[in-house]
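Reviewing the structure listed below.
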Amino acid sequence: MAAGQQTEQPAEQAAGPATVQPVPDQASVDVEIAEWRLRYEKHLADGGARQNHPDRAYAAYHSTALRHPTQPLVAVADPEALELSGPVFGVTDVTDLDRDLTRQHNGEPLGERITVSGRVLDRDGRPVRGQLVEIWQANASGRYAHQRDQHPAPLDPNFSGVGRCLTDDQGAYSFTTIKPGAYPWRNHLNAWRPAHIHFSLFGEAFTQRLVTQMYFPGDPLFAYDPILQSVTDDAARARLVAAYVHELSQPEFALGYRWDIVLDGPGATWMEEGR
Amino acid sequence: MSVLPTPSQTVGPFYGYALPFAGGGDVVPAGHPDAVTIRGVVHDGAGEPIPDALLEFWTGPGAPGSMRRDPTSGRVIGRDGVTLTGFGRVPTDADGSYTVRVARPGPMQYVSVCVFARGLLHHLYTRVYLDGDAAGADFGSLSAARRATLVATPEREGVWRFDVHLQGAEETVFLEFG
Ligand SMILES: [Fe+2]
Chain A
1 MAAGQQTEQP
11 AEQAAGPATV
21 QPVPDQASVD
31 VEIAEWRLRY
41 EKHLADGGAR
51 QNHPDRAYAA
61 YHSTALRHPT
71 QPLVAVADPE
81 ALELSGPVFG
91 VTDVTDLDRD
101 LTRQHNGEPL
111 GERITVSGRV
121 LDRDGRPVRG
131 QLVEIWQANA
141 SGRYAHQRDQ
151 HPAPLDPNFS
161 GVGRCLTDDQ
171 GAYSFTTIKP
181 GAYPWRNHLN
191 AWRPAHIHFS
201 LFGEAFTQRL
211 VTQMYFPGDP
221 LFAYDPILQS
231 VTDDAARARL
241 VAAYVHELSQ
251 PEFALGYRWD
261 IVLDGPGATW
271 MEEGR
Chain G
276 MSVLPTPSQT
286 VGPFYGYALP
296 FAGGGDVVPA
306 GHPDAVTIRG
316 VVHDGAGEPI
326 PDALLEFWTG
336 PGAPGSMRRD
346 PTSGRVIGRD
356 GVTLTGFGRV
366 PTDADGSYTV
376 RVARPGPMQY
386 VSVCVFARGL
396 LHHLYTRVYL
406 DGDAAGADFG
416 SLSAARRATL
426 VATPEREGVW
436 RFDVHLQGAE
446 ETVFLEFG
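Chains as they are written, first to last, in my numbering: chain A, 1 to 275; chain G, 276 to 453.
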């Protein structure tokens, strides 16, 4: 999330001429994070509903400023809406090797080999079957294989950081990869993203689409990161963090992480249940 | 609904080598008799183009094969030119523009659009209508000006213009379901 790489003041200009806006520091971002937590606590105290998703206007992630709508969303109640169906994918869209990010090149990538596995469920707890899961991530040094990532950490010629798979009949997915590194970004001075893997998921309906990020347990950067903290509900935020499961670790091979994913939004049962 | 959902997070700036795929905007082949091209620019609240947005289009009905792979090399070889998957995915260019080719909307009269971008913590849904009357039938309670943000403008034969404004005076109508 090098948010602001193109649009915000690079850190080097912090000490520039007086006309240059000062780069916000961590202390000012901490204040913004605390303000939104308080605002959410007040919302709950006033009887407001729990919020499972970030507020698009969340200010501590500065790139939201010009990229969030200010008009309320318009509710669609049509039970025949096209969005209640969705794209499908199949065996032509993935290969077996796509789920193993450590085997896409001639050599093995550097880093701590891990597996990430879990199930994709809908809000009723039913497995999402045969649907596409896509992931992308930085390498062990915290560098993306993306031209715009200018973080001076080494690229790994044996790691692209892209994977995909289809969920099975139980909604299960699994990837073998390496643990990504933390990386700096320019939201504010000394901003660092906690290690994370980007996930993209499809459900049975387009309304269940989800793009999100999975984090690793115990990362000391959590408290400083406005993207993770944009989920102001403590329980919801915890659902973005995978669990280390020793039984999933494989001797002499890889550490095992488990992360279950629940897709929001109405699915095919929406109409039947008269919602 | 008994299980609590996984929160959304931004797609960020670095999805470019992972999510877009060759032919992602060719939901129907160029020679398809009902093909219409929709193109436009995604803007932020200052009116500036957004060069790192990702748009997905859903027209239904769906079949697998949007991102077909070569079983020998594993490379993405794109669609087979016959199967209609109903699904398109295009990143915006450096100038914020995108192009997608779809079949002229049938009974539903619209194409569903899902918008992702750096700085957008949770994706947004909107629709492209080619016919203002159809948009009026579905969104009669909106002001004419708001409703107009859902309607593409004919540019020339077979080509329609549909800009997306995430914020500002021309802010696009975004939808929620359920
Ligand atoms: Fe990232």
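We put the beta carbon where it would ideally sit given N, CA and C, even for glycine.
This one's a predicted model, so the numbers in the text were calculated from it and none came from an experiment.
Asked	Found
Partner residues on chain A for residue 341/G, Cβ-Cβ distance less than 8 Å	87, 89, 93
Short Cβ contact (8 Å threshold) for residue 164/A with residue 134/A	yes
Partner residues on chain G for residue 265/A, Cβ-Cβ distance less than 7 Å	452, 453
Sheet register partners of residue 363/G (DSSP bridge)	332/G
Contact belief for residue 332/G with residue 286/G at Cβ below 8 Å, rounded distance in angstroms	Actually they are not in contact, since the Cβ atoms of residue 332/G and residue 286/G sit about 16 Å apart, beyond 8 Å.
Whether residue 427/G touches residue 437/G by CB criterion (8 Å)	yes
Neighbourhood of residue 104/A by C-beta distance below 6 Å, restricted to the same chain and skipping five residues each side	160
DSSP state of residue 29/A mapped onto helix, strand, coil	helix
Among 400/G, 440/G, 334/G, the one whose alpha carbon lies nearest that of residue 372/G	440/G
Contact test: residue 145/A Cβ vs ligand 1 heavy atom, cutoff 7 Å	no
Residue 393/G: CB within 7 Å of a non-hydrogen atom of ligand 1	no
Alpha carbon of residue 49/A to alpha carbon of residue 40/A, nearest angstrom	10 Å
Any non-hydrogen atom of ligand 1 within 7 Å of residue 138/A CB	yes
Ligand 1 heavy atom lying under 7 Å from the CB of residue 443/G	no
Boundaries (first-last residue) of the alpha helix (DSSP H) holding residue 226/A	226-229
Residue-level contact to chain A via CB, residue 373/G, 8 Å cutoff	no
Beta carbon of residue 253/A nearer than 8 Å to that of residue 85/A	no
The segment 70-81 of chain A / the segment 128-144 of chain A touching (three or more Cβ pairs under 8 Å)	no
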